[in-house]
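Chains as they are written, first to last, in the working numbering: chain A, 1 to 610; chain B, 1001 to 1114; chain C, 2001 to 2256.
Quick look at the structure:
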């Protein structure tokens, strides 16, 4: 067990280095593929052992053997592994494995470097999820980012990937500076970099401007990574142009890691000092999450480039995840955890379907694909089912997660959250279903120039356009979609998530375990998972039906009476205005990041008791 | 004044971000990101300084001599390498952008919108 | 967004953020009054524990070695990324020898420059080796030394008359060197595991304070890191130089 902790992140790193070096000796493609898949499977297995081992208490591993000093001062870097972090590491490993399997036939021209980059990305994600040190978090955040920049710009012979990668690079680098500023400020106060030690030093004192500024900067930096409004503008550009296996990783686990970092930093470092203002913090973050969910859903519906559509749907879901986290209760966090697991499989399957379409037809534009998908009925079924899953239909994990979040919101008096999540799910599911009907059935007009993103045809991601569905492309898609359903059906998953969330949010218990100060606060409480009521099922089914309805309305919109259409015109103008904000210019994006940070700063000034 | 270094750091942050926002040349934008990164160095090193203390190098100085904080200096070293390499990747993208678009003006490379 | 609207939005929000951050920074203890405890602890115990007199290196390579491992891999990934991003496209070719370009006039180098180049390159190389090997004693270390060592072949390139980019150390050798550097760091860590200690624990003999072979794995890691850093920097430099000097589009017209 103690070996799995250092090996889980470093194994992919050393294999990545070996693959890069062996490239000079002409290692055959299949050997590199096999080695990379074997490595990611092993990493997933190691992370799973960490997940199982940490259910009863955090696993603490000190690098270099530097155990903390008796009075709770940490002098080395430690991993503090709990089920939430280990679970994300397992998710990362699984998705990287799927990406590697999908790209078995892929990228014939750049030898083994794609595998190197993916393995480094995996190692960084695993270390990011396991670490208990704030600066270590930053270092692996940067490693993740650099790998992501290169992977996003991989198809650098086209213009789109260049712009997408540049926007991604500039915005996430600004985010990294903000995080580092926050770390510097909090180090100036506490003189510590270990998150548990920071939390212990800050706890019990009243919050002041320093704590608030540090929390602001760190949170806003991670908001950029997590694609929260208005820090989200990079996500559509990047997903539109990144290769399909990379999109799976970005949507499935990378942006979720941004939210994980916020939750981790809040609970381990700031909860002791900000809990006096927990209600205000909760309100602020819930509002931000709700705005993100709704804006993402609306933008999603307005796209006809399928990858951008899915990118905005990821943004909408990230808003829902943030709502779950910001309820500041174990039940909310558990709901987010379940939702993340369910969403990852479904979103990955959808991206794989879009990748198949790209390879068969050379385009992912809904308008141009109209009706052409009739040749691929299996893909159409998968894609449509994915749309239902995004609409939070039972039995998928998305339904279960959304249900738990709504229950948690009810308990703290935020019942209106259910409306927000319902509306987002309906719009997002409706968008996917609409495109499914247009592409795979052929009825209705694809969305027209009112929503114009002239991207032009994209080059297929493979040298020749395929005529048959290769197994390596369709099998992972089926498996991932099924996993989304399994997450929703697996008995006990939700209760385990709840136990994990309760441990995650118990700062004093974790700090005592990590710093080994000898004090033994009681183990975190074990709340019970509320049972699923029949009304929740109706809710889920209603959401799916709503999505279908919305999709049909959109397809047959020419038949809507003119009166209703003119009444809706101002709404459509607002949506159009929203779309013009997505200008493709990195300077605009950075401006919006600052605007967002300023709004949160103002909210902190008046909301917190500074 | 005992808060001047922090004020300088904030000024660098503002100036660097101003450069990024108003930039009409991609390479200029990347270098302005470098200016923003300098602000983090000022902050970190300023936080760790102690009046009357020497460098944390004990090669020719007796032990127990007061020294400044070596941890922030180590963090700065890490930071320098990290940001330099990120800039290398961004500059490679700029080179390719110049080849593909024929221009380094961010306004001119905009196929992705909406 | 128009440029003026963008500037207005930016200036107003930056003012708010800067003011808020400044307010926060004003709650710091003040310049020159570092409160500890992390730095103080390291200052007190670092020299005895690791027989290293340069505590910054000790922190970087021993106390917080996993951070340095991540940083080294960021450099590795960036070099790999530059290779990927600047790879030959289908519509480009590499001119076999840059001297065959009729339109390009290469400024010749004079005897003076060539004469100055060799001792300069040697001196820089030696300085780099000195800096990296004395990292545990005086300011220096793997990263610093590696960067200085990387400058040495570049000086040769600049001073030489007929040295082409190709004759900077060849790319394949550099990639292997990078692998040795990056993998070597992890190997040192794994050695710790194999010896029954923690990952990246300092298990090599510590020697005596102030001597060149003191502080155990710190010296070893410095060497390994410098190999990686030098190789990565040379790779990045040679990729960019190749783009400028050798890569040309087929068909004669510039791309885009």
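Here a beta-carbon is modelled for each residue, glycine too, at the ideal position from N, C-alpha and C.
Nearest-angstrom Cα separation, counted from residue j out to residue i
| i | j | result |
| --- | --- | --- |
| residue 488 of chain A | residue 290 of chain A | 23 Å |
| residue 316 of chain A | residue 292 of chain A | 6 Å |
| residue 2208 of chain C | residue 2079 of chain C | 37 Å |
| residue 430 of chain A | residue 386 of chain A | 11 Å |
| residue 1006 of chain B | residue 183 of chain A | 14 Å |
| residue 1059 of chain B | residue 2139 of chain C | 10 Å |
| residue 2019 of chain C | residue 2025 of chain C | 10 Å |
| residue 2238 of chain C | residue 471 of chain A | 41 Å |
| residue 64 of chain A | residue 76 of chain A | 7 Å |
| residue 309 of chain A | residue 2044 of chain C | 57 Å |
| residue 1076 of chain B | residue 1038 of chain B | 10 Å |
| residue 1015 of chain B | residue 381 of chain A | 53 Å |
| residue 2118 of chain C | residue 189 of chain A | 51 Å |
| residue 147 of chain A | residue 231 of chain A | 20 Å |
| residue 1018 of chain B | residue 592 of chain A | 13 Å |
| residue 360 of chain A | residue 473 of chain A | 12 Å |
| residue 554 of chain A | residue 482 of chain A | 28 Å |
| residue 1032 of chain B | residue 1020 of chain B | 6 Å |
Cβ of residue i within 8 Å of any chain C Cβ
| i | result |
| --- | --- |
| residue 116 of chain A | yes |
| residue 1017 of chain B | yes |
| residue 136 of chain A | yes |
| residue 1041 of chain B | no |
| residue 1070 of chain B | yes |
| residue 595 of chain A | yes |
| residue 260 of chain A | no |
| residue 14 of chain A | yes |
Under 8 Å between C-beta atoms of residue i and residue j
| i | j | result |
| --- | --- | --- |
| residue 102 of chain A | residue 12 of chain A | no |
| residue 432 of chain A | residue 390 of chain A | yes |
| residue 514 of chain A | residue 83 of chain A | no |
| residue 1050 of chain B | residue 2034 of chain C | yes |
| residue 2218 of chain C | residue 2064 of chain C | no |
| residue 2135 of chain C | residue 2146 of chain C | no |
| residue 339 of chain A | residue 405 of chain A | yes |
| residue 325 of chain A | residue 331 of chain A | no |
| residue 2228 of chain C | residue 2075 of chain C | yes |
| residue 1104 of chain B | residue 1097 of chain B | yes |
| residue 180 of chain A | residue 223 of chain A | no |
| residue 241 of chain A | residue 152 of chain A | yes |
Contact with chain B by residue i, beta-carbon distance below 8 Å
| i | result |
| --- | --- |
| residue 2001 of chain C | no |
| residue 2042 of chain C | yes |
| residue 2064 of chain C | yes |
| residue 313 of chain A | no |
Buried versus exposed, by CB contacts within 10 Å (16 or more), residue i
| i | result |
| --- | --- |
| residue 1002 of chain B | exposed |
| residue 491 of chain A | exposed |
| residue 243 of chain A | buried |
| residue 416 of chain A | exposed |
| residue 198 of chain A | buried |
| residue 30 of chain A | exposed |
| residue 2006 of chain C | buried |
| residue 1107 of chain B | exposed |
is_contact[residue i, chain A] using C-beta, thresh 8 Å
| i | result |
| --- | --- |
| residue 1038 of chain B | no |
| residue 1051 of chain B | no |
| residue 2183 of chain C | yes |
| residue 2243 of chain C | no |
| residue 1108 of chain B | no |
| residue 1067 of chain B | no |
| residue 2037 of chain C | yes |
| residue 1080 of chain B | no |
Check: residue i C-beta below 7 Å from any heavy atom of the ligand NAP
| i | result |
| --- | --- |
| residue 1018 of chain B | Among the components modelled here there is no ligand, and therefore nothing to report on the ligand NAP. |
Could you pull out every unbroken beta strand (DSSP E) segment of at least 3 residues lying fully inside the stretch 2037-2094 of chain C, listed in chain order? 2092-2094
Completely contained alpha helix (DSSP H) runs for the stretch 271-334 of chain A, where each covers 4 or more residues: 271-274, 278-301 and 306-326
Could I get the ranges of all uninterrupted beta strand (DSSP E) runs contained in the stretch 347-407 of chain A, with 3 residues as the minimum, in chain order? none
May I have a chain-ordered list of the beta strand (DSSP E) segments no shorter than 3 residues that lie completely inside the stretch 11-97 of chain A? 59-62 and 78-81
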